[in-house]
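Student:
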Amino acid sequence: MSTFSINRRQVLAGIAGATALPGLAEAQTATPKPGGILKVSHSVRIAQLNVLQLSGPAEYLAVDMIYSGLTRLDPQMKPQPELATEWTASPDAKTFVFKLRPNVTFHDGSPFTSADVVATFKAILDPATKSPARTVLDMIADITAPDPLTVKFDLKVGNADLPVSVAHANARIVSAAALKEPLINLDTKANGTGPFKIETFDGSRLLKLVKHTGYYRPGKPYLDGVEMYLFPDLAAESANFLSGAMDAMLEVQQADFKRIAAAPGVNALRVPSGRFSNIVMRMDTKPFDDIRVRTAMAHAVDRQMLVDLVLDGLGRPAKDNVIAPGYRYLADTPEVPYDPAKAKKLLAEAGYTNGLKIPLICSNRPAIRSQVGVAVKQMAQPAGFDIDVQTIPHDTYLANVWRKGNFYIGYWGMQATEDAAFTLLFTTDAAFADTAWNNQEFDDLVKKGRSSPDDAERRAIYKQAQELMVRDRPSIIPFFQDVLTASRSHVKNWTSSPLSRTFYVEDVWVQRA
Amino acid sequence: MRDLLRHPTGLAGAILLAVVLLAALFGSFLAPHDPQLFHPATRLQGPSASFWLGTDQFGRDLFSRILNGARTTVAFGVSATLLGVGFGAMIGITAGVVGGWIDSLIMRLVDGLLAVPDLLFTLLIVTVLGGGAGHALLAVAVAFTPGMARISRSAVLSVRTREFVQAAVARGESRAYIIGAEVLPNALGPLIVEATIRVSFAIMLGATLGFLGLGAQPPSTEWGLMIAEARQYMFRNPWCVAAPGAAIAIAALGFNLFGDALRDLIDPRGRR
Amino acid sequence: MNAGYLARRLLSVLVVLWIVSATVFGITQILPGNAAVMILGEYATPDQLKALELQLGLDRPWWAQYLSWIQGILSGDWGISMRLSVPVSALIAEAFWRSLALAAAALVAVTLIAIPMGVVAAMKRGTWGDLVISLFAYLGTCVPEFVTATILLVFLAAPERQFFPAGGYTPPGESLPGFLYHMVLPALTLCLILTAHIARQVRSEMSDVLASDYIRAARLKGLSEFTVIRRHALRNAMAPAVAVISLDIGYLLGGIIVVEEVFAWPGLGRLMIYALQNRDLPVIQATTLVLAGVYALSNLISDIVIAALDPRVRYA
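Chains as they are written, first to last, in the numbering used here: chain A, 1 to 513; chain B, 1 to 272; chain C, 1 to 316.
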C-alpha cells in the first residue's frame, strides 16, 4: 500500500514545472507489462470528439489518446517530436520547416502524409471551423507541402513559439479524407494516429477506446484499452474511485484531495500549474481607473489564506503576475502582502474616506468563483471595501457581465507560452481582453518578444512586460491552482500536466496483484 | 386553536413550527457568532463548546448559519406559497364563479400545466428567469399556481350550490358581494390547509434548486445552499450536511403536521 | 366506461400535450442570453458565434421556429442537439428506457412495500407500530430527494462499507446483474420518498374502509380477519391507492431528475439537467414534452384502472 506522498513533498519543496511523474523511480526499475484495461472517471460530459473544436476537460484526455499533433508538450512544457521528427526555423522566425515521421498510419490503416497536415491547418485557419487553436495560429500566412514528408509554414510575423503553438490541443492532425466530409461527423467519429482508437462512444456515460496496434511508437501503448466513465456527481465519482471500481480519477476536487491521498492503495498527484482565478477590475470605469483603488484591492486580499481556504492549500499564492512558475521566462516580481491598513489609506487617498461599496459578480460555474468572491468579501472588509457578492448563473454571466462588467471573478487555465498568456487578456488586441488596460508599451514588448529568436533577449523583454503588468495591476491574480489527479497504486505512470491537455496514457501500464 | 393543540399531530406540528418560526424571527439575534465570519484555524470541525454544531469549509459557525438561514428559508417557503395561492385563487375563483366557456378554457390550460411535474416546471421557469433566490421564489409560486387554481375552483363550486349562496342569489345580492362575503370565506378552509402543506414542498423545492445551483447563491445562509456547498466536504465533516438537512426536515415536518391537523379539523370526515 | 369516454380522454391528453408544447416553446424562446453564446462558452470568438447563430436558425422569427418545430416533432424529426450533435430523438429514445426501468423498479418496490405498510398501520391504528410507520412516512415526505440520496450514498456506498456501487450504469445487455446492482440505490431513494407518501394515503383510505358498515357486517358474519381484509377492505381501498400512485408519478418524474443526477444514471432526468445547464433548446423542449406526455398518459391509464377496480365509479 504505497501512497506517493513523495510527490507532495517535492511540490512543497518548491519543484516547479511539474516534473513530479508518479512512481517514476519505480517505473524505471520495473519492466512495463503490456495488457489490461484502464478505467478512468471524469465529471464533465464528453459532448463531442471534434478535436479541432472541443474544449471540455475530459474531451482533452480523449483526444490526447486518439489523435497526435506535429509536436506535443512534455511536462516541462517543451515541445517534443510527435508526428514531426524535427523542425528548423529561419533566423527571423518567419519560416518553419517540419520533417514528418515516416510509416505512420491512421486508425483505419491509411497512411499519414503532409497532405493531412496541410488540410488540418487550413481547416483550423478557416473561421467556419470555429477552432480555438486559431487564436494562437492565425499568424500563419500559408502552409505548403514540398513533399509527402515535409511541411513548410510561412508566417505573417516572426513567431519563435510556433513549435509550441502547433502542439495546441485543438491542432492535432485529422486526415484529409475526414475533412472532406461534413465537419459534424468529427463530433462522434475519429480517425487519428494516436495510441488508442474509439470502440464505443456514448456521451451520456462511457467512451471506450482500444489499442491502436499500428501506433508509431514501438511497443506502445501498453494498455489494451481505456474506458472513460462519466460521473456528474463528485461525491459519487470519488466513492467509485475509492472503492476500486475505477482505476484513475481524471480530476480530483480540492475538497476531496487529502481524503483521497490518505486512502490506502492510492497515488494522489499534485501538478503545480498556472491555472488562476482573477479579480477583474475594468480600468476604463470608476473606481478602478485609479491605480490607488486597484492597489488597495491588491493589499486587501490575503493570498495565503485564500490558498488555504479556497484551494485547501493545493496551490500557490501569486503576485498579480500572470506568468506562473513553470513558464520559461518568469521574472521575479515583488510580493503583495496582506495589509488592510495600507489598503484603507490608499482608498482614502483616492477619495473613498468612508470606504467603497461595490458589487462583485461571480458566475456559479465553476463553484470556485463564488468561493473566491465570498472569501475576498470577508478579507477586504477591514480595508474598507464593502463588497456585495452576487453569484449569478453562468449563461447570464456570459451574456451580461463577462467582458462588460467592471468587477467580477474570472477563471483561466494555464497557457503554453508567455505570449499566449499575455495575449489572452492583457494586450489591447487580446482574444478575451477585459481589462481595458490598453497599454501601448506593453503591447510593443509582447510583439517584440514574440518574434525574438534569441533566448536572453526574450527573457529581458518578457521581464519588462511582467514588471509593467505588476506596476499597473490591470487585474488581481491572487493564486495559482494545482492540477490534481489520482490513480490506484496498481496503475503505473498515470499523470497529468500543468495545462491539463496532455496525459501520456501510452506510457501507462497496470500491475495487478 | 385549542382543538388543534389537543390533536397529537397538531401539537407536534405546532411545537416544531414554533421552534422554526422563533429561529426565523429572532435567529440572527440568538446566533452566538457572526454567520459569515471565517475562523480559519477551526475549519470543518465537529460540534464543540464554542461551535455547537461545528464549522464549515471556511470555519464559519454552522449553528449561527442555520439560525441566520431560518429566516431566508422559511420566508422563501411562505412567500412562494402565498404568491402561488394568490395567483391560483384568483384564477380558480374567477373560473368557478364565471363558469361557461371561460371556465373550460382556463381549466384546460391548468390541466395542461399540471401535466408538467412540479420540479421540472420550476426548473424550466428558473432557467428562463435566470436563477437566484428571487427568481426561484417566483418559479415555485408559478409552479404552484395551476394546482391551487384547481383546488380553489372546486372549493368555489362546492360552496356555490349550498343554500346560503343560493339564498344570497335569491336576495338579489351583487356578484361581488356574493363572492366576497359568501363564497370566499367558506372556500377558504381547504385553501389554507393545502397552502400550509405546500409551504413544506416550497421549502424542499427551494432547497433542491439551491442544490442544483439555481436557487439561493453564496454567501446566503439558505439551508439547501448550505448543503449544496458542503456536499464536497461531507466525508470530512458530516455535520456540514447533516445539520442543515435536519433543519430542512424539521421545518418541512412542522408545516406538514400542522397542515394535516388543520385538515382533520376543517374536514370532519377525515377526523379520527 | 365506453369508447366515447376513452376517445374523449385521449383527445384531452392531446390537448394537454399541445398546451405543454406551446408553453415549453414559449419559455425556451424567452431564455435569457443567446443560445449561441451559451453553447460555445466563455472562450468563443465573435466569428465562431456568428457562424453558429446562422447554423441554428436563431435569426428567424419565433412563429416560424415554432411551426417548423411542431412539424418536426410530428414527423419524428426532433432536431439535432445543439451541444451534442446527435439527433434528439436518438438521445431521448436511449435515455427514455433507462428512466423507465428505474421508475418501474421504484414503483413496483413502492407498491410492494407501501400498501402492506399502510394496511398494517390502519389495522393497528393507535399502536406503536402505527406511530413508527406514520413517523417514517412523515419524515420521508419531508426530506428532499438530494438529501436522502446523499445519506444513502454515505451509508451504503462509502468506500469503507461498499454495499452498492455509488452510481454509474451498466447496460442490461452487457450484464443484467450489473444493471440491477447499479439500480438499487437510485431506486431506493425514489422508493423511500414515494413509500412515505403512499403508505400515508393507504392508511387513511384503509381506516375509512375499516370503519365502514359493510366491513363491520363482514366481521359480524364471522369471517376471519384475513378474509375480511383481503376480500373486502383491500379491494375497496385499492382504487384510491391507484389514484394516489398515479398522482405520485408526478413526484416520481421530478424525483428522477435529482436522483439520476446524483447517481450518474444516464436517463431523461440527467439529459434534462444537462440540457438546461447548457441551454440545449431542442433537447429541453423534447424532454419536457416526453415527461409531460408520460405523466398525462399515466393519469389516463390510472383512471381506466380505477374504473375497472371500483364498480361504483361510472363514466358517462
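By construction, the Cβ of each residue, glycine as well, lies at the ideal position given by its N, Cα and C atoms. Predicted model only: the values in this text are computed from it and were never measured.
Could you tell me whether the stretch 43–57 of chain A touches the stretch 123–133 of chain A, using the rule of 3 or more Cβ pairs below 8 Å?
Tutor: A contact exists between the stretch 43–57 of chain A and the stretch 123–133 of chain A.
Student: Could one say the Cβ of G79 (chain C) lies closer than 8 Å to chain A's Cβ atoms, at least one of them?
Tutor: By this cut-off, G79 (chain C) is not an interface position.
Student: Does the distance from the CB of T188 (chain A) to the CB of F201 (chain A) come in under 8 Å?
Tutor: Their beta carbons are under 8 Å apart, which means T188 (chain A) touches F201 (chain A) by this criterion.
Student: What are the partner residues of C362 (chain A), as DSSP defines its beta bridges?
Tutor: According to DSSP, C362 (chain A) bridges with A:T391.
Student: Mind listing, in chain order, the continuous alpha helix (DSSP H) runs of no fewer than 4 residues lying wholly within the stretch 54–93 of chain A?
Tutor: Counting only runs of 4 or more, we get 57–66.
Student: Over the uninterrupted beta strand (DSSP E) stretch that includes N278 (chain A), give me the two end residues.
Tutor: It spans 266–281 - the beta strand (DSSP E) in which N278 (chain A) sits, taken as one unbroken run.
Student: Output needed for L21 (chain A): all residues of its chain with C-beta closer than 6 Å, excluding positions within five of it in sequence on either side, in chain order.
Tutor: Here L21 (chain A) scores only 42 on pLDDT, less than 50, and its place in the model is too uncertain to base an answer on.
Student: Check each candidate in A:T485, A:N493, A:A115, A:M469 and name the one with the smallest Cα separation from K258 (chain A).
Tutor: Ranking the options by Cα distance to K258 (chain A), first place goes to A:T485.
Student: Is the CB of V262 (chain C) under 8 Å away from at least one CB in chain A?
Tutor: Chain A, which has a Cβ nearer than 8 Å to the Cβ of V262 (chain C), makes this yes.
Student: May I ask you to report which of helix, strand or coil DSSP gives G23 (chain A)?
Tutor: Residue placement at G23 (chain A) is flagged as unreliable, the pLDDT there being 40, under the threshold of 50; the coordinate-derived value follows with that caveat. In this structure, G23 (chain A) counts as coil in the three-state DSSP scheme.
Student: If we ignore side chains and look at the alpha-carbon of each, how far apart do S200 (chain B) and V322 (chain A) end up?
Tutor: Their Cα atoms are separated by approximately 49 Å.
Student: If we count the other Cβ atoms within 10 Å of its Cβ and call it buried at 16 or more, is A25 (chain A) buried or exposed?
Tutor: With a pLDDT of 41 at A25 (chain A), under the threshold of 50, the predicted position of this residue should be treated as unreliable, though the coordinate-derived value follows. Exposed is the call here.
Student: Only counting runs of 4 or more residues, tell me where the alpha helix (DSSP H) segments fall wholly within the stretch 309–380 of chain A, in order along the chain.
Tutor: DSSP runs (the alpha helix (DSSP H)) wholly in the stretch 309–380 of chain A: 340–349, 368–380.
Student: Going by DSSP in three states, Y104 (chain A) sits in which element: helix, strand or coil?
Tutor: As written in the sequence, residue 104 (chain A) is Val, which differs from the Tyr given in the question. DSSP places V104 (chain A) in coil when its eight states are reduced to three.
Student: Give me the chain A residues within the contact set of M234 (chain B), using Cβ-Cβ distance strictly less than 8 Å, ordered along the chain.
Tutor: The answer, in chain order, is A235.
Student: Could you check what DSSP says for R271 (chain B) in three-state terms: helix, strand or coil?
Tutor: With a pLDDT of only 38 at R271 (chain B), under 50, the local geometry of the prediction cannot be trusted, and no value is derived from it.
Student: So is D303 (chain C) buried or exposed if we call it buried at 16+ other beta carbons inside 10 Å?
Tutor: By the 10 Å Cβ count, D303 (chain C) comes out buried.
Student: Does DSSP put S154 (chain B) in a helix, a strand or coil?
Tutor: Helix at S154 (chain B).
Student: To test your reading of the DSSP string, which unbroken alpha helix (DSSP H) runs of 4 or more residues are found completely within the stretch 179–230 of chain C?
Tutor: DSSP runs (the alpha helix (DSSP H)) wholly in the stretch 179–230 of chain C: 213–220.
Student: Do V165 (chain B) and A187 (chain B) have their beta-carbon atoms positioned less than 8 Å apart in this structure?
Tutor: No, the pair does not count as a contact, with Cβ atoms beyond the cut-off.
Student: Using the C-alpha atoms, what's the distance from P117 (chain B) back to L253 (chain C)?
Tutor: Straight-line Cα distance between these residues: approximately 7 Å.
Student: Compare the C-beta of D56 (chain B) with all C-beta atoms of chain C and state if any pair is closer than 8 Å.
Tutor: So, not an interface residue.
Student: The alpha helix (DSSP H) that contains D482 (chain A), what's its start and end?
Tutor: Here D482 (chain A) belongs to no alpha helix (DSSP H); instead the beta strand (DSSP E) covers 475–488.
Student: Between the stretch 182–209 of chain A and chain B, which residues of the former have CB atoms less than 9 Å from a CB of the latter, in chain order?
Tutor: Result list empty, no residue passes.
Student: Distance, Cα to Cα, V110 (chain C) vs R501 (chain A)?
Tutor: Rounded to whole angstroms, V110 (chain C) to R501 (chain A) spans 47 Å at the Cα level.
Student: For A248 (chain A), which three-state DSSP category applies?
Tutor: Note: A248 (chain A) maps to strand in three-state DSSP.
Student: Figure out for me which residue from A:T105, A:Y504, A:G36 has the closest Cα to the Cα of A62 (chain A).
Tutor: With distances taken between Cα atoms, A62 (chain A) lies closest to A:Y504.
Student: Are the CB atoms of F76 (chain B) and I203 (chain B) within a distance shorter than 8 Å?
Tutor: Cβ atoms of I203 (chain B) and F76 (chain B): closer than 8 Å.
Student: What's the gap between the Cα of A101 (chain C) and the Cα of A239 (chain C)?
Tutor: For A101 (chain C) and A239 (chain C), the distance between alpha carbons rounds to 24 Å.
Student: Could you compute how far the alpha carbon of A324 (chain A) sits from the alpha carbon of L424 (chain A)?
Tutor: Computed Cα separation, rounded: 14 Å.
Student: Note the first and the last residue of the continuous beta strand (DSSP E) segment covering T144 (chain A).
Tutor: That run of the beta strand (DSSP E) goes 140–147.
Student: How about G13 (chain B) and L257 (chain B): are their beta carbons less than 8 Å apart?
Tutor: Yes, they are a contact pair.
Student: Mark Q80 (chain A) as exposed unless 16 or more other C-beta atoms lie within 10 angstroms of its C-beta, in which case mark it buried.
Tutor: Result: exposed.
Student: Check the DSSP bridge columns for D202 (chain A) and list the partner residues they point to.
Tutor: Answer by DSSP bridge pairing, in chain order: A:L206.
Student: For the stretch 146–163 of chain C, which residues have a beta carbon sitting closer than 8 Å to at least one beta carbon of chain B?
Tutor: From the stretch 146–163 of chain C, only F146, V147, T150, I151, V154, A158 have a Cβ closer than 8 Å to chain B.
Student: Closest by CA to R282 (chain A), which one among A:S475, A:F153, A:S43, A:L346?
Tutor: Cα-wise, what sits closest to R282 (chain A) is A:S475.
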